[in-house]
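**Student:** If you read the sequence shown in full-length UniProt numbering, its first letter stands for residue 1, the second for the next number, and so on.
Positions of the beta carbon are idealized from the N, C-alpha and C atoms, including for glycine.
Here the structure is a predicted model, which is why all the values come from computation and not from measurement.
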Amino acid sequence: MKDSSKTLLYWFCQLLGWGIYIAILILSVKFNKPDAMSPQMIVAQFIIGTSTLFASHGIRWTIKKKQWLDLGIGALILRLLMASILGSILSNLNVHILLYLIFDWFDNFHAFEWSNVPIYVFNLSFMLFMWSILYVGFKSIESARKNKIEKLTTQTALKDAELIALKAQINPHFLFNSLNNIRALILQDQMKARDMVTNLSDILRYSIEFSKREKVTIAEEIDILKNYLDLESIQYDGRLNYQVKADENTLNCIIPPMVIQTLAENAVKHGISQLKEGGEITIEVTKSDEDLEIRIANTGQIKPSSNGTGIGIKNATSRIQWLFNAAPSFTLAQKEEQVVATLILPAKYESDIS
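(1) Grab me the residues of isoleucine 89's own chain with a C-beta within less than 7 Å of its C-beta, minus the 5 sequence neighbours each way, in chain order.
(2) For isoleucine 284, list the residues DSSP reports as bridge partners.
(3) Buried or exposed, going by whether 16 or more other CB atoms sit within 10 Å of the CB of isoleucine 24?
(4) Check the C-beta distance from residue 355 over to arginine 295 and give it rounded, since I have them as a contact under 8 Å.
(5) What whole-angstrom Cβ distance do proline 256 and lysine 215 have, given they're in contact under 8 Å?
(6) I'd like to know if the segment 77-97 and the segment 129-142 are in contact, where contact means that at least 3 CB-CB pairs between them fall below 8 Å.
(7) In the DSSP output, which residue or residues are listed as bridge partners for proline 346?
(8) Who are the near neighbours of threonine 331 in its chain, counting only those whose CB is closer than 6 Å to its CB and skipping five residues on each side?
(9) Relative to the C-alpha of asparagine 92, which candidate in Arg79, Asn116, Ile77 and Val29 has its C-alpha closest?
(10) Does the segment 64-82 come close enough to the segment 26-45 that 3 or more CB-CB pairs lie under 8 Å?
(11) State yes or no: is the beta carbon of proline 39 nearer than 8 Å to at least one beta carbon in chain D?
(12) What's the call for phenylalanine 176, buried or exposed, on a 16-neighbour Cβ count within 10 Å?
(13) Are the beta-carbon atoms belonging to glycine 271 and asparagine 298 less than 8 Å from one another?
(14) Can you grab the Cα-Cα spacing for the pair leucine 27 / serine 51, in whole Å?
(15) Does residue 440 come out as helix, strand or coil in the three-state DSSP assignment?
(16) To the nearest angstrom, how far is the alpha carbon of glutamate 221 from that of leucine 275?
(17) Would you list the residues sitting across from glutamine 338 in a DSSP beta bridge?
(18) Quick one: what's phenylalanine 330 bridged to in DSSP?
(19) Please state whether DSSP places leucine 200 in a helix, a strand or coil.
(20) Cα separation between serine 4 and glutamate 142?
(21) Could you spell out where the alpha helix (DSSP H) holding glutamate 232 opens and where it closes?
(22) Between the C-alpha atoms of glutamate 337 and leucine 187, what's the straight-line distance to the nearest angstrom?
(23) Please classify serine 351 as buried or exposed, where buried requires at least 16 other C-beta atoms within 10 Å of its C-beta.
(24) Per DSSP, leucine 25 is paired with what?
(25) Consult DSSP for leucine 240 and reduce its assignment to one of helix, strand or coil.
(26) For glycine 137, which of helix, strand or coil comes out of DSSP?
(27) Kindly identify the DSSP beta-bridge partner or partners of glycine 279.
(28) So, with DSSP's three-state summary, where would you put glutamate 142?
(29) Closest to residue 409 by CA distance: which of Leu69, Trp322, Leu8 and Val340 is it?
(30) Helix, strand or coil for aspartate 195, going by three-state DSSP, please let me know.
(31) Can you give me the start and stop residues for the alpha helix (DSSP H) that threonine 52 sits inside?
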């Protein structure tokens, strides 16, 4: 809300609130002391209400000027109480000066008694203190709401920055591995090297195209995954076989770009590359209830030092957590002659988080 709008709202609430207070004063006189009702009495109530309005405005000015909202609760309450008493005294003084010295109405409608002054001061102090509490409460709520918005804005900016950083870590990692593979084949088999360049070109085009997106569909991911595995199959001279299976109801589910490719690269690097005779990679994507399961099995054995927490896996799970605001489950297990990596994440569609 702009400052001008806040100022208008403040004065609207002030005039409305103290206007109601004036009406209550007039009705109180009418029903409790009907004989005392007169034009002078009505004017007097307006003078009391207006004087109280300016007293409350003075308290507001002091709160802002002295930055009382930054104080502890005890110090704040004490200052509000003292300000309310002082405001009440000044307001009563102002009212009596106007009525007695300027208008000289006391003899006409009201017998002034000094004994009543403490009661007037106490009543008005209570009203001003309640007003002060309401004002401070409103400002505290407003401040908390503003801080929450700023916190959410900061978290969103941090999320975007971390997503960019995570993508930036994955893409060079994959690119360097692929270029090393092509380099190894250039002098051995130029035709295969050319095919590898074509596959790498398609993968890089995908990477660039989706680098500005936080999510892609399983169908899009599988298309580029096959290019990647074709590239690796050429590199391993036919010693790498693969199968990719995705249930029909998973193809429109969304995931962060290159997550499956990262898992497949991990299977190639730590599994197939370690076997002279090569091996097979099987990739399955299934959906059950509200979960999406990505299962990658490769020929090989888990090494004692391998715990599945490499940079690629960490980045993939971090991006999933940022996208879905839920931590995925990743497990790595040995099943007979195969290493099985299982990633379970929420099954979401574009419409779920748009």
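**Tutor:** So, from the listed chains and residues:
(1) Val121
(2) The sequence as given places glutamate at residue 284; isoleucine does not occur at that position. Lys245 and Arg295, per the DSSP bridge assignment.
(3) exposed
(4) With the chain running from 1 to 354 in the structure shown, residue 355 is simply not present.
(5) 6 Å
(6) yes
(7) Asp291
(8) Thr342
(9) Asn116
(10) no
(11) This model lacks chain D altogether; it includes just one protein chain.
(12) exposed
(13) yes
(14) 19 Å
(15) The first residue shown for the chain is 1 and the last is 354, placing residue 440 beyond what the model contains.
(16) 27 Å
(17) Thr299 and Lys335
(18) Leu343
(19) helix
(20) 16 Å
(21) 218-235
(22) 34 Å
(23) exposed
(24) Answer by DSSP bridge pairing: none, since leucine 25 is not bridged.
(25) strand
(26) helix
(27) Leu240
(28) helix
(29) Residue 409 cannot be examined here, being either before or after the span of the chain that is shown, 1 to 354.
(30) helix
(31) 39-65
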